[in-house]
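K.L.:
I'd like to ask you about the structure that follows.
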Amino acid sequence: MNTVRTRFAPSPTGYLHVGGAWTAFFNWLFARHHGGRFILRIEDTDRSRSTEEMVEAILEDFRWLGITWDEGPDVGGPYGPYRQTERMAIYQEYARKLLERGHAYYCYCTPEELEAERHKAQAEHRPYRYSGRCRSLSSKEVARFEAEGRRPTIRLRVRDYGETIVVHDLIRGEVVFSPEHLDDYIIVRSDGTPLYNFANVIDDHTMAITHVIRAEEHLSNTPKQLLIYRAFDWTPPQVAHLPMLLGPDRSKLSKRHGATAVRQYREEGFLPEAILNYLALLGWYPEEDREIYSLEELIARFHLEDVGKSPSVFDYQKLVWMNGVYMRKLMHEDRAKVLALVEETLKREGLLPEAVDPATREYIARVVEVLGDRIKVGRDVLRYGDFFFTEPTYDPEAVRTYLCGEEIPGYLSRLEEEFTRCQEFDRATVEQIVRSLAAELQVSSRVLIHPLRVALTGKTIGPGLFELMELLGRHRVLQRLQRTREMLKGGLTASTGSSPCS
RNA sequence: GGCCCCAUCGUCUAGCCAGGCCUAGGACGCGGCCCUCUCAAGGCCGAGACAGGGGUUCGAAUCCCCUUGGGGCCA
């Protein structure tokens, strides 16, 4: 039994897409499950849109995810090179072989002539298929075309038009294609570059790929590719077509659905383990009523035959939930990682300098401690605790509901006095102060707590008030209280010049 | 337009291949309650699906056919 070899072949025209990551991951899981190898190949034949930076970016995204490859453009391997632009000689060589054996021929038809054929077919209400008029050109005709300056394309010669093609798909079973749409299709353009279906087959074969696992959008291409294998007398690899990844509106997942690049998730502070775990559960489920699995468990359980056939909607909410599960676990198993993640987020937002001193590190650690499991993704630090690092941004709605009562300024100045006067400024003391004042005023303590929170943080959500105050420290608390009172008194906000309470 | 794929709660899915164990299970999300200074987390409870129609069968979510709906490829 040959070793299993799978591959993923991204085009370096953008960052790694979650759909691509998903496909790659299943290839990876399958290879790892069978003790095989996973290969990365770069499909950069579209030179106008491919860049070297994107090759590096994609490799980096894979590294970050923890999807490792055994052969690829950077590490090389026995079947290289691993980028298509470096394999042009190989495609030419195989195209020549096909030509020599008569399985392919030069075609001098111009786009206009082809277009005319197509029109005719349409007018007669029959499916278009290339007429094959260049199948047997005499040397005189060839000479004439050449003299006209025509550059030929190379077409595959399909032996038998009437034949049905059966694809044995590991996920879908037997898929039967009726023959009418198969024709002598182009495998090499007139400029000598190979077409996708051709390059793909040559690469997969010469790289000894045993299992082609790809998205369903390629299922319709499979018969065409099978024809090339047959022309060469090669044994085709096993194929498996994964279901499509959809956006919430059930169309193919794309940029307009929001974040589709793995890079974006990384920047939002997602954990690679959580992303992989989430991706694993799209189109596939181990037969247990649970959803959290380690990579090892995933590898052990993965079976291609169990992958579903119906398309899956990418559920951002569930990913967030799952990330939260991993984040909580990390919180007590490897706090340093959480801290690093948070630090990165703060730097990206410009709330921290590049070089972070030890005292700030300590402060961040305390913030994370106070924020606790509110942090489901890295960016939640901002959502719940931006005010720890910058002046609060006041949520207008929060101000209106909690700071606009006429008794509020009075409460706040009483609080301010007490906070100025007290000896210690720890959570127990401030809690004591707030609760006694509430008792004295004969109001529920929440009557003081809510306005205080909004005054200090700008929002209605966040960590416990007293912990937050202790961390903020007396100085900042007093400063913010003062500022809030001025804001309420003056009735002015910088932006509109109107009262926040009207 | 031609060809191909798909079809269980809003979403991811278990069950389907080997029909009865399914008054269809779990998870996310949603609603309620508890905890509580808010949010988050946690606990408890709840609403929520076999696309429709025909068969086959003693019996169908499970097998077959049609319709409908979604998606993809080629043009």
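Each residue of the first sequence is one higher than the one before, starting from -11 at the first, in our numbering.
Backbone N, C-alpha and C define an ideal beta-carbon position, used for all residues, glycine too.
Values in this document were obtained by computation on a predicted structure and should not be read as measured data.
#1: Where does A347 land, buried or exposed, given buried means 16+ other C-beta within 10 angstroms?
#2: What are the complete beta strand (DSSP E) segments, minimum 3 residues, inside the region 359 to 406?
#3: Could you round the C-beta distance between V365 and E279 to whole angstroms and report it? I think they count as a contact, below 8 Å.
#4: Count Cβ pairs between the region 135 to 144 and the region 106 to 117 that sit closer than 8 Å; are there 3 or more?
#5: Determine the direct distance from the alpha carbon of W309 to that of E474, and round the result to whole angstroms.
#6: Tell me the rounded alpha-carbon separation between G373 and F413.
#7: Drop a sphere of 10 angstroms on the beta-carbon of K447, count the other beta-carbons inside from all chains shown, and report buried for 16 or more, exposed for fewer.
#8: Quick check: the Cα distance between I287 and T73, rounded to an integer number of angstroms?
#9: How would you write the range of the beta strand (DSSP E) that A92 sits in, first residue to last?
#10: Under 8 Å between the Cβ atoms of Y93 and C122?
#11: Have a look at Y173 and A328 and give me their C-alpha separation to the nearest angstrom.
#12: Considering only DSSP beta bridges, list what K306 is partnered with.
#13: Report yes if the C-beta distance between T198 and P225 is below 8 Å; otherwise report no.
#14: Keeping to the same chain, check which residues put their C-beta closer than 6 Å to that of R(-5); ignore five residues upstream and five downstream.
#15: For the alpha helix (DSSP H) holding I78, just list the boundary residues, first then last.
#16: Near S483, which residues of its chain fall below 7 Å by C-beta distance, leaving aside the five closest residues on each side in sequence?
#17: What does a CB cutoff of less than 6 Å around D237 pick up in its chain, not counting 5 residues either side in sequence?
#18: What first and last residue would you give for the beta strand (DSSP E) that runs through T141?
#19: Use the C-beta contact count for K85: other C-beta atoms within 10 angstroms, 16 or more gives buried, fewer gives exposed.
#20: So G161 is in the beta strand (DSSP E); what residue range does that whole segment cover?
#21: Whole angstroms are fine: how far does the CA of R20 sit from the CA of S282?
#22: Taking the DSSP output, what are the residues bridged to P182?
#23: With H, G and I counted as helix, E and B as strand and the rest as coil, what does DSSP make of S300?
#24: Quick one: Cα of L480 to Cα of R471, how far?
#25: Output needed for A109: all residues of its chain with C-beta closer than 8 Å, excluding positions within five of it in sequence on either side, in chain order.
#26: Which term fits P(-2), buried or exposed, when burial requires 16 or more other beta carbons within 10 angstroms of its beta carbon?
P.N.:
Concretely, from the data shown:
#1: Within the first sequence, residue 347 is the residue found at index 359, counting from 1. With fewer than 16 other Cβ atoms within 10 Å, it is exposed.
#2: Whole beta strand (DSSP E) segments, 3+ residues: zero.
#3: Residue 365 sits at position 377 when you count from the first residue of the first sequence. Residue 279 sits at position 291 when you count from the first residue of the first sequence. The C-beta distance from V365 to E279 rounds to 18 Å, too long to meet the 8 Å contact threshold.
#4: No, they do not touch.
#5: What you label residue 474 is simply residue 486 of the first sequence in a count that begins at 1. What you label residue 309 is simply residue 321 of the first sequence in a count that begins at 1. Rounded to whole angstroms, the gap between the alpha carbons of E474 and W309 is 40 Å.
#6: The sequence position of residue 373 within the first sequence is 385, counting from 1. The sequence position of residue 413 within the first sequence is 425, counting from 1. Near 20 Å, if we compare the C-alpha coordinates of F413 and G373.
#7: Counting from one through the first sequence, the residue named residue 447 turns up at place 459. K447 should be labelled buried.
#8: Locating residue 287 in the first sequence gives position 299, where the first residue counts as 1. Locating residue 73 in the first sequence gives position 85, where the first residue counts as 1. Cα-Cα distance, rounded: 33 Å.
#9: Sequence index remark: in the first sequence, residue 92 carries index 104 (1-based). Run containing A92: A92 to C95, per the beta strand (DSSP E) assignment.
#10: Indexing the first sequence from 1 puts residue 93 at position 105. Indexing the first sequence from 1 puts residue 122 at position 134. Cβ distance < 8 Å, so Y93 and C122 count as in contact.
#11: The sequence position of residue 173 within the first sequence is 185, counting from 1. The sequence position of residue 328 within the first sequence is 340, counting from 1. The straight-line gap separating the alpha-carbon atoms of Y173 and A328 is approximately 54 Å.
#12: Numbered from 1 along the first sequence, position 318 holds the residue referred to as residue 306. According to DSSP, K306 bridges with nothing at all.
#13: By 1-based counting over the first sequence, the position of residue 198 is 210. By 1-based counting over the first sequence, the position of residue 225 is 237. Yes.
#14: Residue numbering aside, residue -5 sits at position 7 when the first sequence is read from its first letter. Closer than 6 Å at the Cβ level, and outside the excluded window around R(-5), lie I27, R29 and I197.
#15: Reading the first sequence from its first residue, position 90 is the one you call residue 78. I78: member of the alpha helix (DSSP H) spanning M76 to R89, first to last residue.
#16: In the first sequence, counting from the first residue as 1, residue 483 sits at position 495. Residue confidence is low: S483 scores 48 on pLDDT, short of 50, so the model does not pin down where it sits. No coordinate-derived value is stated.
#17: If you number the first sequence from 1, residue 237 lands on position 249. Excluding positions up to five away in sequence, the list is empty.
#18: By one-based count along the first sequence, residue 141 stands at place 153. T141 -> beta strand (DSSP E) spans T141 to L144.
#19: To locate residue 85, count along the first sequence from 1; it is residue 97. Label assigned to K85: exposed.
#20: Reading the first sequence from its first residue, position 173 is the one you call residue 161. According to the DSSP assignment, G161 belongs to the beta strand (DSSP E) that extends over G161 to F165.
#21: Indexing the first sequence from 1 puts residue 282 at position 294. Indexing the first sequence from 1 puts residue 20 at position 32. Distance between the alpha carbons of S282 and R20 is about 14 Å.
#22: For the purposes of this step, residue 182 is taken as the residue at position 194 of the first sequence. Looking at the DSSP output, P182 bridges to V176.
#23: As a working mapping, residue 300 is identified with position 312 in the first sequence. Correct three-state label for S300: strand.
#24: Along the first sequence, one-based indexing puts residue 480 at 492. Along the first sequence, one-based indexing puts residue 471 at 483. Any answer about L480 is weak, because its pLDDT of 47 lies below 50 and its placement is not dependable; what the coordinates show is given next. Straight-line spacing of the CA atoms in L480 and R471 works out to 11 Å.
#25: For the purposes of this step, residue 109 is taken as the residue at position 121 of the first sequence. Excluding sequence neighbours, A109 sits near P115, Y116 and R117.
#26: Looking up residue -2 in the first sequence gives position 10. By the neighbour-count rule (16 or more Cβ atoms within 10 Å), P(-2) is buried.
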